[in-house]
DNA sequence: CCGACCGTTCGTCGAGCGCCGAAGTGTCCC
DNA sequence: GGGACACTTCGGCGCTCGACGAACGGTCGG
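Residue numbers (my numbering), protein chains in the order written: chain A, 466 to 688; chain B, 466 to 688.
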């Protein structure tokens with residue numbers, strides 16, 4: 466009857482603690498093997514396999530076989546969006562909890578959000594790009610605009626090499642849940658994180674989604 | 466282990482066709498009585514009551530008793546965001562399929578979106594209202610502003626008769642999934658569709674949500 | 001005050017689904 | 001080739017949860 470996409474199908478897939486845990490583990494855009502996903506979800510390999518099959522079937526994950534491993538990753542940024550918007554509906558937790566543990570502080574400072582940067586540092590970088598007129602001010606959830614790629618920071622980040630032809634919006638504001646302001650997502654956001662990782666300016670920390678920001682990069686922004 | 470809010474709780478609530486239908490019906494911000502929600506979900510009052518209780522318990526809905534009715538509404542914009550982001554994950558439909566079938570073309574041209582207009586035609590109409598300074602430019606998901614009701618089109622649509630006192634935002638941008646731009650929702654959007662239907666300027670097509678737009682109305686906009 | 005109506009609560013039934021262990025397929029390494 | 005390993009498939013168990021009818025508070029209208 467309704468021509469609309471059925472909301473309940475993806476929601477049902479996410480509405481299972483084991484599957485939700487898997488999706489969250491994949492939120493930073495990496496591809497993880499089935500076994501690891503089984504362990505983050507605290508279920509047996511058999512159970513995990515069934516869950517993963519359903520997630521692929523439902524279009525939330527993509528699978529890719531590599532040797533005797535099978536790697537799973539989010540099917541796209543829309544999936545990450547949906548996962549994060551649902552996370553915001555969870556039981557309200559006081560902000561104070563984020564100032565307590567060291568891990569929490571690292572996450573609030575800089576972390577990966579699917580395939581781009583998030584956290585206080587991400588906002589600082591986005592602000593710089595806005596102030597040097599590389600991009601227009603960001604709006605949460607809305608597509609943005611690239612103004613120029615010849616700014617100081619834009620050149621350092623090699624933004625001229627970013628894919629501008631892709632079907633994905635080049636710039637997009639993604640609401641930051643620690644800072645409550647949009648940070649840089651979209652194809653450009655993904656490109657920025659990639660360049661930062663390749664150059665060694667930021668590094669993924671094992672165990673969580675936090676990122677280490679090098680002194681070199683901090684100076685680059687500070688100066 | 467995970468300090469994160471549990472994604473699976475709200476997702477599970479939305480992962481049930483009857484509850485999903487209720488949430489979608491409330492997506493435009495109106496408050497609807499339990500009975501009406503039961504009918505949109507095609508379930509008995511008893512079943513609907515149980516579902517609604519769970520949605521309130523889970524913080525997705527707010528309830529408010531008025532006389533012998535009980536009105537339910539979305540608990541906040543974050544809920545609408547989550548619902549909409551999940552809708553975008555529905556069964557992958559290639560863009561090509563929308564240029565193929567006649568039905569699909571009709572839906573892309575003009576359709577109803579809950580209680581207001583959507584599709585290419587809806588955007589054309591919204592653009593006219595913006596250009597004649599009746600409403601401020603729309604932003605997806607955000608409440609908008611009525612500037613005046615004395616424009617040419619505003620008078621034809623009897624916008625001065627629209628309910629401006631309701632608790633529902635008078636104007637709201639609702640992201641159009643075929644055009645990727647916000648169209649006119651909210652109380653004013655509902656009023657516009659109602660007037661168009663009453664005047665016979667648009668007519669509902671049986672079987673789907675597409676609308677037939679009369680020549681008279683097209684000329685009105687074209688001129 | 002009585003009947004019509006709206007909504008919730010209760011009891012019950014049946015289906016769906018998540019879980020695991022065991023067995024099967026394919027890959028890597030020695 | 002043989003054995004360890006990664007993952008999937010199969011079969012079966014148990015529980016959750018969604019469905020309804022019937023009965024119960026509350027509210028409005030005559």
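Cβ coordinates follow ideal geometry from the N, Cα and C atoms, glycine included.
Chain B partners of residue i, CB-CB under 8 Å?
i	result
residue 525(A)	554
residue 547(A)	547, 550, 551, 553, 554
For a contact defined as C-beta to C-beta under 7 Å, what are the partners of residue i on chain A?
i	result
residue 474(B)	555
residue 678(B)	Simply none; closest approach about 18 Å.
Mark residue i as exposed unless 16 or more other C-beta atoms lie within 10 angstroms of its C-beta, in which case mark it buried.
i	result
residue 477(A)	buried
residue 445(B)	Residue coverage of chain B in this structure runs from 466 to 688, which leaves residue 445(B) outside it and unanswerable.
residue 484(B)	buried
residue 668(B)	exposed
residue 684(B)	exposed
residue 677(B)	exposed
residue 530(A)	exposed
residue 663(A)	exposed
residue 599(B)	buried
residue 581(A)	buried
residue 615(B)	exposed
residue 516(B)	buried
residue 495(B)	buried
residue 486(B)	buried
residue 511(A)	exposed
Compute the beta-carbon to beta-carbon distance between residue i and residue j, rounded to the nearest angstrom, for a pair I have assumed lies under 8 Å.
i	j	result
residue 548(A)	residue 479(A)	7 Å
residue 525(B)	residue 544(B)	5 Å
residue 587(B)	residue 648(B)	4 Å
residue 617(A)	residue 597(A)	6 Å
residue 576(A)	residue 674(A)	5 Å
residue 551(B)	residue 488(A)	Actually they are not in contact, since the Cβ atoms of residue 551(B) and residue 488(A) sit about 12 Å apart, beyond 8 Å.
residue 593(B)	residue 686(B)	6 Å
residue 660(A)	residue 622(A)	5 Å
I want to check one thing, is the minimum distance from the CB of residue i to the heavy atoms of the ligand NAD below 6 Å?
i	result
residue 654(B)	Because no ligand of any kind appears in the structure shown, any question about the ligand NAD cannot be addressed here.
Could you list which residues in chain B have their beta carbon closer than 9 Å to that of residue i, in chain order?
i	result
residue 480(A)	472, 473, 474, 475, 476, 477, 478, 479, 480, 481
Grab the span of the beta strand (DSSP E) containing residue i for me, first residue to last.
i	result
residue 539(A)	534-539
residue 619(B)	First-last for residue 619(B): 617-621, but that is the alpha helix (DSSP H), not the beta strand (DSSP E).
residue 668(A)	667-669
residue 575(B)	Careful: residue 575(B) lies outside any beta strand (DSSP E) and carries neither H nor E.
Identify the contact partners of residue i in chain A, using a Cβ-Cβ distance below 8 Å as the criterion.
i	result
residue 485(B)	471, 472, 473, 476
residue 543(B)	550, 553, 554
Tell me which residue opens and which closes the alpha helix (DSSP H) that residue i is part of.
i	result
residue 542(A)	542-552
residue 516(B)	510-522
residue 486(B)	482-490
residue 507(B)	Residue 507(B) -> no alpha helix (DSSP H), and no H or E assigned at all.
residue 585(A)	585-596
residue 652(A)	651-664
residue 455(A)	Lying outside 466 to 688, the shown extent of chain A, residue 455(A) is not represented and no answer is given.
residue 686(A)	680-687
task = Quick one: which residues of the segment 488-522 of chain B get their C-beta closer than 8 Å to a C-beta of chain A? List them in chain order.
result = 488, 489
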